[in-house]
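As structure tokens, the structure follows; a few thoughts come after it.
Residue numbers (my numbering): 2 to 328.
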């Protein structure tokens, strides 16, 4: 089954065969619910309800030339299955309604009209304290609830980690990677050059990448940033855990902090998160800071650019801060 918005009848037949639609339920429309990056996602409307159906393919949907593990939706589905056993986590995520491993397909609860939190990257937008606490509480529960000395191999997610490793710890630091940063913002290429040519920095980043690729004790979301948070009529929700794996909890919190720093959130918001997060035994805040630093760098000088409204001077300051965090 190849998911295609232009073929609602085929989608209807497929959903009926799987038992996810009643035999009399008719698909009246199939349309994209928003701009996704990784997967092909549709909102399916019937006279009775709406559903979200998501298919992962052997490439990144937004960048078809970039290969990606085709089974990533199934890893995501396993995460939803696991999280739904914990009421606090289930409350913060869409309900999994169906999973088809053969076709790498998920059917999810439609959370309705929603906006992701990438609006935080716009000037003068602030994460309110209640949302900051809710997002932090989610991580605290996730990291503690499934902690284990023997990680579940179903969540190894090696191929997705390899893809992510390349774009976090390697590609951004290549002096000649074929990506002209001046096409993002004039002057950014020259600003990035000292970091791309810093052998000591690249050594430290390489060591950090090895920590990322090693198994850890906590189940992580793996991509905990504003694009994975939704503002809905039923409160804040967390989506897209396709990069999940058992690893260091410092990674999730580090990514979260990096994005809020790039979104120029005030110190009060950052301090609320750091003070509210319930650190698991052995949590290393220096490691968390290093993950924060490398995420800032890769987002500013790597391929995975964000909709930032930052001046070149602001990016210079952030890169300086990130370099210090990696020292």
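The beta-carbon is built from N, C-alpha and C at its ideal position, and this holds for glycine as well.
Only a predicted model underlies this, so the values are computations on that prediction, with no experimental measurement involved.
- By the Cβ criterion, the segment 224-243 is in contact with the segment 135-151, since at least three pairs of Cβ atoms, one from each stretch, lie closer than 8 Å.
- Judged by DSSP in its simplified three-state form, residue 118 adopts helix.
- Residue 86 counts as exposed, since fewer than 16 other C-beta atoms from the protein chains shown sit within 10 angstroms of its C-beta.
- Take the alpha-carbon of residue 51 and the one of residue 25: they are about 15 Å apart.
- Note on residue 120: under 16 other CB atoms within 10 angstroms of its CB, so exposed under the neighbour-count rule.
- The Cβ atoms of residue 221 and residue 252 lie closer than 9 Å to each other.
- Bounds of any beta strand (DSSP E) do not take in residue 163; it lies within the alpha helix (DSSP H) bounded by 159-166.
- For residue 296, the uninterrupted alpha helix (DSSP H) run begins and ends at 286-302, by DSSP.
- The alpha-carbon of residue 47 is positioned some 25 Å away from that of residue 103.
- Within the same chain, Cβ atoms closer than 7 Å to the Cβ of residue 134 are found at 273 and 277, the five residues on either side in sequence being excluded.
- Around the Cβ of residue 245, a 10 Å sphere holds 16 or more other Cβ atoms; the residue is buried.
- A Cβ-Cβ separation of about 5 Å places residue 299 in contact with residue 169 under the 8 Å criterion.
- Under the rule that a run must span 4 or more residues, the alpha helix (DSSP H) segments found entirely inside the segment 154-216 read 159-166, 189-197 and 200-214.
- Taken through DSSP and simplified to helix, strand or coil, residue 239 comes out as strand.
- Around the beta carbon of residue 23, a 10 Å sphere encloses fewer than 16 other beta carbons of the protein chains shown; the residue is thus reported as exposed.
- Beta-carbon to beta-carbon, residue 72 and residue 228 are separated by about 21 Å, too far to satisfy the 8 Å threshold.
- Rounded to the nearest angstrom, the gap between the Cα atoms of residue 148 and residue 270 is 27 Å.
- Judged by DSSP in its simplified three-state form, residue 55 adopts strand.
- Inter-residue distance for residue 29 and residue 79 is about 29 Å (C-alpha atoms, whole angstroms).
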